[in-house]
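In what follows, a structure is listed as structure tokens, so that the remarks can point back to it.
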Amino acid sequence: RTRTHVHARAGALGRCGFGMPPSARKAFVDTLRRLASDNGLEFLALSKDWIIQISDPQTGRLCSIFGYTFDVNPAAAVEICTEKAATSLVLDKHKVANINHSVFLNPAHEMTAEYLPRSGCWAEIQKLVGELGFPVVLKPLKGTGGLDVIKATCWREVEAAVQHIFSHEYGLAVSPYKRIVDEYRCFCLDEKVELIYRKIRSTVVGDGSRSVSALLAGLLADPAADGKALSALAKAAAALSPEELTRVPAVGECVPVQWKHNLGQGATASFDVRPELREQLMALAPRAASAIGMRFCSVDVVEVEQEGLLVMEVNSGVMMDSLIAQLGDEGAALATRLYGAAVLKALGRTT
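Residue 148 in the working numbering is what sits at position 161 of the sequence shown, and the numbering runs on without skipping anything.
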């Protein structure tokens, strides 16, 4: 039993990139359990809830969920989604606008070493970074939640990021750093966008006299502030450079404290999306999902200064834990509706 649990948990973490806190996972499992009960379905949880099976006793049909990945999707499409560079290659081929990701395999990893030339990959990494210019973004080929996604502003930081990622991953992706206005998550099911929200980063507002660090100190000292929000803010502030911390923003200038938009790292969700932008997202996101062959997934789209909308990644693991935690009952209702539609379609039910 222990071996089964370790295998299942490791596999789920491998696909989803990291383990959510047990309380967050519980919200996901409770949503699926309630969904099964409401629809007369049988519910089975294995390996401490990392494997879930929902079956229809009338037809015998089965829907399995491993981690956060639903079996309504083709296995090969899921594998493409798990690798950033593979996703980028497929989207490019289908002419879907996206942030390019270039893959570099680890020369010290026994599974990938033979795929590299004897000259290795460092010269190619240097060449690409030289073409892109600083800053650049380096990240594991597989992962989610913004973990080990590193912005490098000089060669020392590039080399440090490469060594860090290669110390525990078989490969990494390098992409250009984009000046992102906003990031949107689009939940897609069978070529239709079911839900869109905007990810809002933590910000400080300039007063023309205090530095970013002083503005942050004022927020962190607020006794009425939410503890979790303060923790996320402090974590984001710790990643700022000395130059960013000492800068004095103009009066009314909003300065993002984070450069990442992940809800699990302090960003918040908003359903306030401009109508014309919503229309564009509802056209772009299903194109990305269809290009890869995904039926149920979430597509992260960024609005980039002077470039417009670009797909950043397609997620095979559909996670709404942070959304449920932020929105409470409203988030749980949204998750129930979305997961319910996917499970019922997998079981052949149309309603």
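All C-beta atoms, glycine included, are put in the ideal place defined by N, C-alpha and C.
{"Check": "CA-to-CA distance, residue 27 to residue 158, given in whole angstroms", "Outcome": "44 Å"}
{"Check": "Unbroken stretches of the alpha helix (DSSP H), 4 residues or longer, contained in the segment 96 to 181", "Outcome": "109 to 119 and 142 to 153"}
{"Check": "Whole beta strand (DSSP E) elements within the segment 242 to 330, 3-residue minimum", "Outcome": "255 to 257, 283 to 291 and 295 to 302"}
{"Check": "Short Cβ contact (9 Å threshold) for residue 284 with residue 298", "Outcome": "no"}
{"Check": "Which of helix, strand or coil DSSP assigns to residue 185", "Outcome": "strand"}
{"Check": "Residue interval of the alpha helix (DSSP H) (run including residue 337)", "Outcome": "No alpha helix (DSSP H) contains residue 337, which DSSP labels as neither H nor E."}
{"Check": "Buried versus exposed, by CB contacts within 10 Å (16 or more), residue 290", "Outcome": "buried"}
{"Check": "Per-residue DSSP class, three states only, for residue 56", "Outcome": "strand"}
{"Check": "Boundaries of the beta strand (DSSP E) in which residue 89 is found, first to last residue", "Outcome": "89 to 92"}
{"Check": "Cβ-Cβ distance between residue 140 and residue 121 below 9 Å", "Outcome": "yes"}
{"Check": "CA nearest to the CA of residue 138, picked from 118, 71, 162 and 156", "Outcome": "162"}
{"Check": "Contact check, residue 81 vs residue 282, beta carbons under 9 Å", "Outcome": "no"}
{"Check": "Contact set for residue 328: own chain, Cβ-Cβ below 8 Å, skip 5 residues either direction", "Outcome": "176 and 181"}
{"Check": "For residue 49, the residue or residues it bridges with in DSSP", "Outcome": "42"}
{"Check": "Inter-residue Cα distance where the pair is residue 105 and residue 279", "Outcome": "33 Å"}
{"Check": "Close-in-space but distant-in-sequence residues of the same chain around residue 160 (CB under 6 Å, 5 per side omitted)", "Outcome": "71, 72, 88, 90, 126 and 128"}
{"Check": "Residues bridged to residue 192 [DSSP beta-bridge criterion]", "Outcome": "241"}
{"Check": "Start and end residues, alpha helix (DSSP H) containing residue 231", "Outcome": "229 to 233"}
{"Check": "Burial state of residue 25, where buried means 16 or more other Cβ atoms lie within 10 Å", "Outcome": "exposed"}
{"Check": "Residue 30 - partner residues in DSSP beta bridges", "Outcome": "41"}
{"Check": "CA nearest to the CA of residue 124, picked from 270, 145 and 20", "Outcome": "145"}
{"Check": "Residue-chain proximity (residue 149, chain B), Cβ-Cβ < 9 Å", "Outcome": "In the structure shown, chain B does not exist; there is a single protein chain."}
{"Check": "Distance CB(residue 326)-CB(residue 19) smaller than 9 Å", "Outcome": "yes"}
{"Check": "Cβ shell of residue 191 (< 7 Å), same chain only, five flanking positions each side left out", "Outcome": "199, 202, 203, 206, 242 and 244"}
{"Check": "Outcome for residue 228 when other beta-carbon atoms lying within 10 angstroms are tallied against a minimum of 16", "Outcome": "exposed"}
{"Check": "Delimiting residues of the alpha helix (DSSP H) encompassing residue 200", "Outcome": "199 to 207"}
{"Check": "DSSP-derived helix/strand/coil call for residue 6", "Outcome": "In this prediction, residue 6 scores a pLDDT of 46, lower than 50, which makes its location untrustworthy; the coordinate-derived value is nonetheless stated afterwards. Coil at residue 6, not helix or strand."}
{"Check": "Cβ pair count under 8 Å reaching 3, the segment 46 to 59 against the segment 330 to 338", "Outcome": "yes"}
{"Check": "C-beta atoms of residue 314 and residue 83 nearer than 9 Å", "Outcome": "no"}
{"Check": "Residue range of the alpha helix (DSSP H) that includes residue 82", "Outcome": "First-last for residue 82: undefined, no H or E at that position."}
{"Check": "Inter-residue Cα distance where the pair is residue 258 and residue 187", "Outcome": "10 Å"}
{"Check": "Buried versus exposed, by CB contacts within 10 Å (16 or more), residue 303", "Outcome": "buried"}
{"Check": "Residues near residue 236 in its chain [Cβ-Cβ closer than 7 Å; skip 5 each side]", "Outcome": "193, 199 and 242"}
{"Check": "DSSP three-state assignment for residue 224, whether helix, strand or coil", "Outcome": "helix"}
{"Check": "Per-residue burial, residue 170 [other beta carbons within 10 Å of its own, 16 or more giving buried]", "Outcome": "buried"}
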